[in-house]
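S.K.: Got a structure for you, written out below as structure tokens; questions coming shortly.
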Amino acid sequence: MKKFYFLLLGLFLLNGVNAQIVNIPDANFKARLLASNSNSGIALDLNGVNYTIDANNNGEIEVNETINVGYLSIGSSNISSLVGISNFINLTYLRCEENQIYSLDLSGLTNLINLDCTHNNINSLNISSSNNLERLRCDYNQLTQLDVSNMPNLQELFCSRNYITSLNISGKPNFSQLDCRFNLLTTLNLSALPSLTYMECNNNQLTTLDISVLPNIGFVECGQNLLTSINIGSTELYILYCYNNSLTVLDLSGVEINDLICDNNQLSSLDFSSTDFLGTLSCSNNLLSGLDLTGQRFLQYLDCNSNPLLTTLLIKNGSIESDFLDFSVNPNLNYICADESQLTDIQNLIATYGYTNCHVNTYCNFHPGGTYYTISGENRVDMNNNGCDNSDILFPNINYNVTSGTASGNFISDTSGNYSIPVQSGTHTITPILENPSYFNVSPASVVVNFPAQTSPHTQNFCVSISAPKPDLEIVFLPLQPARPGFDAKYKIIYKNKGNTIQSGTVNLAYNDDILIYTNGSPFIDGLTTNNLSWNFTNLLPLETRVITLTLYVHSPTGTPPVNGGDILNYSTSITSAATDETPNDNTFVYNQTVVNAFDPNDKTCLEGTTISPAKVGDYVHYMIRFENTGTFPAENIVVKDMIDLAKFDISTLVPIKGSHSFVTNITAGNKVEFIFENINLPFDDANNDGYVAFKIKTKPTLVLGNTFSNTASIYFDYNFPIVTNTATTTIAVLATQDFVFSNYFSVYPNPVKDVLNITAKETIEVTSFNIYNTLGQLVMVIPNAQNIRTVDVSGLTYGNYFIKINSDKGTSNTKFIKN
Numbered sequence: 004m005k006k007f008y009f010l011l012l013g014l015f016l017l018n019g020v021n022a023q024i025v026n027i028p029d030a031n032f033k034a035r036l037l038a039s040n041s042n043s044g045i046a047l048d049l050n051g052v053n054y055t056i057d058a059n060n061n062g063e064i065e066v067n068e069t070i071n072v073g074y075l076s077i078g079s080s081n082i083s084s085l086v087g088i089s090n091f092i093n094l095t096y097l098r099c100e101e102n103q104i105y106s107l108d109l110s111g112l113t114n115l116i117n118l119d120c121t122h123n124n125i126n127s128l129n130i131s132s133s134n135n136l137e138r139l140r141c142d143y144n145q146l147t148q149l150d151v152s153n154m155p156n157l158q159e160l161f162c163s164r165n166y167i168t169s170l171n172i173s174g175k176p177n178f179s180q181l182d183c184r185f186n187l188l189t190t191l192n193l194s195a196l197p198s199l200t201y202m203e204c205n206n207n208q209l210t211t212l213d214i215s216v217l218p219n220i221g222f223v224e225c226g227q228n229l230l231t232s233i234n235i236g237s238t239e240l241y242i243l244y245c246y247n248n249s250l251t252v253l254d255l256s257g258v259e260i261n262d263l264i265c266d267n268n269q270l271s272s273l274d275f276s277s278t279d280f281l282g283t284l285s286c287s288n289n290l291l292s293g294l295d296l297t298g299q300r301f302l303q304y305l306d307c308n309s310n311p312l313l314t315t316l317l318i319k320n321g322s323i324e325s326d327f328l329d330f331s332v333n334p335n336l337n338y339i340c341a342d343e344s345q346l347t348d349i350q351n352l353i354a355t356y357g358y359t360n361c362h363v364n365t366y367c368n369f370h371p372g373g374t375y376y377t378i379s380g381e382n383r384v385d386m387n388n389n390g391c392d393n394s395d396i397l398f399p400n401i402n403y404n405v406t407s408g409t410a411s412g413n414f415i416s417d418t419s420g421n422y423s424i425p426v427q428s429g430t431h432t433i434t435p436i437l438e439n440p441s442y443f444n445v446s447p448a449s450v451v452v453n454f455p456a457q458t459s460p461h462t463q464n465f466c467v468s469i470s471a472p473k474p475d476l477e478i479v480f481l482p483l484q485p486a487r488p489g490f491d492a493k494y495k496i497i498y499k500n501k502g503n504t505i506q507s508g509t510v511n512l513a514y515n516d517d518i519l520i521y522t523n524g525s526p527f528i529d530g531l532t533t534n535n536l537s538w539n540f541t542n543l544l545p546l547e548t549r550v551i552t553l554t555l556y557v558h559s560p561t562g563t564p565p566v567n568g569g570d571i572l573n574y575s576t577s578i579t580s581a582a583t584d585e586t587p588n589d590n591t592f593v594y595n596q597t598v599v600n601a602f603d604p605n606d607k608t609c610l611e612g613t614t615i616s617p618a619k620v621g622d623y624v625h626y627m628i629r630f631e632n633t634g635t636f637p638a639e640n641i642v643v644k645d646m647i648d649l650a651k652f653d654i655s656t657l658v659p660i661k662g663s664h665s666f667v668t669n670i671t672a673g674n675k676v677e678f679i680f681e682n683i684n685l686p687f688d689d690a691n692n693d694g695y696v697a698f699k700i701k702t703k704p705t706l707v708l709g710n711t712f713s714n715t716a717s718i719y720f721d722y723n724f725p726i727v728t729n730t731a732t733t734t735i736a737v738l739a740t741q742d743f744v745f746s747n748y749f750s751v752y753p754n755p756v757k758d759v760l761n762i763t764a765k766e767t768i769e770v771t772s773f774n775i776y777n778t779l780g781q782l783v784m785v786i787p788n789a790q791n792i793r794t795v796d797v798s799g800l801t802y803g804n805y806f807i808k809i810n811s812d813k814g815t816s817n818t819k820f821i822k823n
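Note that the sequence shown covers residues 4 to 823 in my numbering.
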């Protein structure tokens with residue numbers, strides 16, 4: 004009987020424990036728990052299966068019913084208190100987001116791994132016993148402090164939009180994500196977090212940030228702080244948002260950054276040389292003076308507006324910033340370097356922004372933007388007809404036609420005989436084009452190269468063999484500077500063996516030694532006679548060019564005889580040899596130079612003068628472009644751009660003659676010629692700051708009497724605004740050659756004239772005769788022995804235009820008049 008009594012007592016006590024009811028004062032919390040069932044998703048058991056907490060359906064939550072709950076989702080339930088939650092001792096995942104909880108005590112939940120209590124009003128969170136916590140979300144609350152120091156397994160922490168003043172997350176080997184935005188943090192210790200890859204700590208009060216201790220960090224957003232420095236180091240960082248701070252320096256040398264947003268700082272420079280994968284850059288409202296993005300072939304988004312010190316923007320990178328491009332509100336921006344395909348769009352933006360001192364071109368480098376490939380080699384002339392080898396001479400200045408699909412251009416190499424052509428991906432056909440193709444044979448005639456299938460640089464040499472003997476010499480006279488009264492004038496005589504035979508002979512220069520005094524030259528003269536200098540040459544090889552440099556002193560206005568501004572100096576240089584020349588017309592070169600008192604150091608001259616005769620139509624005319632570095636620093640690169648008028652010139656005949664420094668020539672877009680002087684570092688001191696380029700080109704044979712052809716060049720010194728030269732205009736006229744400027748010595752009136760044409764001399768000059776021609780070049784009147792004649796009766800002439808030519812002791816000159 005006694006044993007039976009104790010047995011009943013034990014059963015009663017056990018049932019009392021099992022039936023113990025959990026105290027849950029918050030009715031909404033209790034209602035949410037009671038709503039759990041096999042389909043609700045509110046609770047999961049320890050096996051992850053939907054679970055009905057009120058298993059006996061008695062409307063109460065009992066202790067024995069809570070211990071089987073592993074997951075609990077009670078968000079958005081208007082709960083203000085979670086008293087009673089401590090009985091869920093096996094709970095690993097708790098979601099109580101979007102309620103009205105003010106205080107959350109989870110001290111009894113030692114198995115908790117994942118907690119989401121976002122969007123509440125929590126000002127106190129006790130998770131001191133949750134040592135196994137791996138993921139904590141407590142965003143959008145009222146927390147002022149958060150202690151996670153005893154959670155070695157923590158992997159993710161999201162605590163944004165609170166009032167937390169300090170946070171210690173160091174020493175967590177598996178910690179990978181941190182979001183502590185919109186708090187009051189002044190420091191952030193990130194040591195011993197080897198797995199951290201993602202961090203948002205923007206909108207705090209941080210003054211410094213060291214992420215160099217995070218070897219695997221990939222994403223950092225730290226904008227809207229008080230940062231004056233960020234230590235990045237060598238990490239895996241690829242996205243950095245550090246806008247709205249006080250950064251003066253941002254060292255990206257150790258990272259492959261993809262996206263950078265650093266607006267509203269005080270950065271004076273950004274160096275992206277260590278990355279090739281930048282896709283987004285927003286750096287507005289800084290103090291940048293220059294921005295070099297030439298290596299960023301994946302750039303799609305660029306915003307660099309409002310940098311008041313920005314002067315240069317280099318975005319020639321093979322990528323079209325198609326997502327977004329803004330360089331507005333940069334009042335000092337004066338140079339943009341971009342890809343050829345972008346130039347028009349950027350020019351339109353420059354106009355939209357109202358920039359008047361900003362220009363755009365491609366000249367920050369001289370290869371295509373982005374990924375490019377190189378075809379290079381050398382050209383030799385097989386002099387001994389046994390195949391080309393290193394003993395054969397090099398062939399300089401070869402013109403290569405480069406065709407890729409429908410695009411075509413020309414590249415003319417320098418004088419070295421070597422070439423290097425940069426191209427983009429695709430199939431390219433390279434064909435050497437010779438000035439005199441009948442003199443030589445080229446092997447191979449052309450070559451096809453496909454990139455990236457073939458290795459770059461691709462080496463392709465060309466061997467040039469000689470056909471039947473063709474002796475052909477050429478000579479050109481170049482004025483290196485204007486002639487001024489009382490000063491030295493320097494000249495170069497360029498002579499070349501265009502043919503395929505070795506030649507020897509003589510170069511002669513005829514000039515007026517009454518007013519020009521030879522002072523020095525190189526090489527030294529071999530002959531000096533009245534009005535003539537001569538130099539002998541031997542063994543001038545095929546395609547070899549030699550140069551004679553000489554200096555002549557020009558008489559002053561007080562000399563005897565005097566030289567004044569407006570006078571014309573006549574030069575005639577010629578080259579002769581024992582052979583019969585194939586093209587004798589270019590064995591003589593006549594240059595008539597007008598004396599000036601002042602001059603523009605950057606100019607363009609047609610060496611044939613302002614007129615040519617109809618007989619010269621379809622033949623070569625020669626141009627010289629002179630430039631001078633008037634700045635205060637050496638000019639590293641200089642480009643002379645010449646837009647050729649295809650209606651007047653045959654651009655396929657363009658041949659560079661000589662330059663002051665090594666250069667190559669590009670011909671693109673049908674008529675754009677660029678003479679590229681790369682890495683010449685032209686000095687700025689007056690004795691060494693000059694340069695030039697000379698070329699020849701044939702006029703169209705369809706030009707007729709009275710037509711004109713003009714040429715202007717733009718000269719680019721590094722990143723500076725181009726200097727546009729004068730326009731050199733030449734007219735096809737009957738009386739093409741003049742020895743002096745007519746208007747400096749004579750005036751004729753009235754013009755138009757009906758009966759008597761008056762001729763008044765302005766300077767002392769001895770007239771010998773007058774000739775009058777019609778516009779067809781026919782002589783219609785001659786007045787001989789005209790020393791004292793100052794009027795001419797033209798009443799017998801029919802109506803029309805005429806030319807009067809005056810022959811004098813200073814030579815000949817002419818002017819036009821109209822007969823009514």
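Think of the CB as a built atom: it goes at the ideal place given N, C-alpha and C, for glycine as much as any other residue.
Since the structure is predicted, the reported quantities are computational estimates derived from the model, not experimental observations.
With 16 other CB atoms within 10 Å as the buried threshold, where does Ile-792 fall?
M.R.: Exposed: under 16 other Cβ atoms inside 10 Å.
S.K.: Distance check for Gln-781 and Ala-582, CA to CA, integer angstroms please.
M.R.: If I take the Cα positions, the gap works out to 37 Å.
S.K.: Using a Cβ-Cβ cutoff of less than 7 Å, which residues in the same chain neighbour Asp-395 once the five nearest sequence positions on both sides are dropped?
M.R.: Closer than 7 Å at Cβ, skipping near neighbours: Arg-383, Val-384, Asp-385 and Met-386.
S.K.: Go ahead and pull the three-state DSSP assignment for Pro-617.
M.R.: Three-state result, Pro-617: helix.
S.K.: In whole angstroms, what separates the C-alpha of Leu-47 from that of Gly-73?
M.R.: The alpha-carbon atoms of Leu-47 and Gly-73 are separated by roughly 6 Å.
S.K.: Given a threshold of 16 other Cβ atoms within 10 Å of its Cβ, counted over all protein chains shown, does Thr-409 qualify as buried or as exposed?
M.R.: It counts as exposed.
S.K.: Would you kindly work out how many angstroms separate the C-alpha atoms of Tyr-574 and Thr-561, rounded to a whole number?
M.R.: Rounded to the nearest angstrom, the two C-alpha atoms are 23 Å apart.
S.K.: Between the segment 638-651 and the segment 676-684, do three or more beta carbon pairs fall short of 8 Å?
M.R.: Contact holds: three or more Cβ-Cβ distances are below 8 Å.
S.K.: Are the CB atoms of Ser-198 and Ser-173 within a distance shorter than 7 Å?
M.R.: No.
S.K.: Classify Leu-531 as buried or exposed, calling it buried when 16 or more other Cβ atoms lie within 10 Å of its own Cβ.
M.R.: Result: exposed.
S.K.: So, for Ile-264: in the same chain, excluding its five sequence neighbours on each side, which residues have a beta-carbon less than 6 Å away from its beta-carbon?
M.R.: These residues qualify, in order along the chain: Tyr-244, Tyr-246 and Ser-285.
S.K.: Quick check on the burial criterion: 16 or more other C-beta atoms within 10 angstroms. Buried or exposed for Ala-716?
M.R.: Label assigned to Ala-716: buried.
S.K.: Helix, strand or coil for Tyr-802? Go by DSSP, reduced to three states.
M.R.: Three-state result, Tyr-802: coil.
S.K.: Considering only residues of the same chain and omitting the five flanking positions on each side of Ile-167, which have a CB-CB separation below 8 Å?
M.R.: Here the set comprises Leu-146, Thr-147, Gln-148, Leu-149, Cys-183, Asn-186, Leu-187 and Leu-188.
S.K.: Which word fits Tyr-143, buried or exposed, when buried means at least 16 other C-beta atoms lie within 10 angstroms of its C-beta?
M.R.: Burial call: buried.
S.K.: Which residues share a DSSP beta bridge with Leu-97?
M.R.: Answer by DSSP bridge pairing, in chain order: Leu-75 and Leu-118.
S.K.: Would Glu-547 and Asn-500 be called neighbours here (beta carbons separated by less than 7 Å)?
M.R.: Going by C-beta atoms, Glu-547 is nearer than 7 Å to Asn-500.
S.K.: Skipping 5 residues on each side, what residues in its chain have a beta carbon closer than 6 Å to that of Asn-165?
M.R.: Around Asn-165: Asn-144, Leu-146 and Asn-186.
S.K.: Count the other CB atoms within 10 Å of the CB of Ser-811; is the residue buried (16 or more) or exposed (fewer)?
M.R.: By the 10 Å Cβ count, Ser-811 comes out buried.
S.K.: Going by DSSP, which residues form a beta bridge with Tyr-143?
M.R.: For Tyr-143, which the question treats as bridged, DSSP gives no partner whatsoever.
S.K.: Please report the straight-line C-alpha distance between Gln-463 and Thr-430, rounded to a whole angstrom.
M.R.: Looking at the two C-alpha atoms, the distance is approximately 15 Å.
S.K.: Give the DSSP-derived three-state secondary structure of Leu-36 in the structure shown.
M.R.: DSSP places Leu-36 in helix when its eight states are reduced to three.
S.K.: Should the segment 625-641 be regarded as contacting the segment 519-533, the criterion being three or more beta carbon pairs within less than 8 Å?
M.R.: No, the segment 625-641 does not touch the segment 519-533.
S.K.: Would you call the segment 306-318 and the segment 285-295 touching, i.e. three or more CB-CB distances under 8 Å?
M.R.: These segments touch.
S.K.: Considering only the alpha carbon of each residue, which of Gly-357, Thr-406, Ala-690 and Val-667 lies closest to Val-426?
M.R.: The shortest C-alpha separation from Val-426 is found at Thr-406.
S.K.: Measure from the C-beta of Leu-170 to each C-beta in chain C and report whether the shortest distance is under 7 Å.
M.R.: You won't find chain C in this structure, because it holds only one protein chain.
S.K.: Classify Ser-237: buried if its beta carbon has 16 or more other beta carbons within 10 angstroms, exposed otherwise.
M.R.: Looking at its Cβ environment, which holds fewer than 16 other Cβ atoms inside 10 Å, Ser-237 is exposed.
S.K.: What residue does the alpha helix (DSSP H) around Val-252 start on, and which one ends it?
M.R.: Segment: none, Val-252 is in no alpha helix (DSSP H) and carries neither H nor E.
S.K.: By how many angstroms is the C-alpha of Gln-596 removed from the C-alpha of Thr-711?
M.R.: Approximately 20 Å between the Cα atoms of the pair.
S.K.: For Val-737 and Gly-803, what's the separation of their Cα atoms in angstroms?
M.R.: In a straight line, the C-alpha of Val-737 is about 15 Å away from that of Gly-803.
S.K.: Where does Ile-353 sit, in a helix, a strand or coil, going by DSSP?
M.R.: Here Ile-353 sits in helix by DSSP.
S.K.: Would you mind working out which of Ile-628, Ile-214, Tyr-748 and Val-593 sits nearest Thr-728, comparing C-alpha positions?
M.R.: The residue with the shortest Cα to Cα distance from Thr-728 is Ile-628.
S.K.: Can you tell me where the alpha helix (DSSP H) with Val-66 in it begins and where it stops?
M.R.: First-last of the alpha helix (DSSP H) with Val-66: 66-69.
S.K.: Report all residues from its chain with a CB closer than 7 Å to the CB of Ser-76; omit the five preceding and five following residues, and keep chain order.
M.R.: Hits under 7 Å: Gly-44, Ile-45 and Arg-98.
S.K.: Along the chain, where does the alpha helix (DSSP H) that runs through Tyr-748 open and close?
M.R.: Start and end: 745-748.
S.K.: Using the beta-carbon count (16 or more within 10 Å), is Leu-10 buried or exposed?
M.R.: Unreliable placement is indicated for Leu-10, whose pLDDT of 39 sits below 50; no coordinate value is reported for it.
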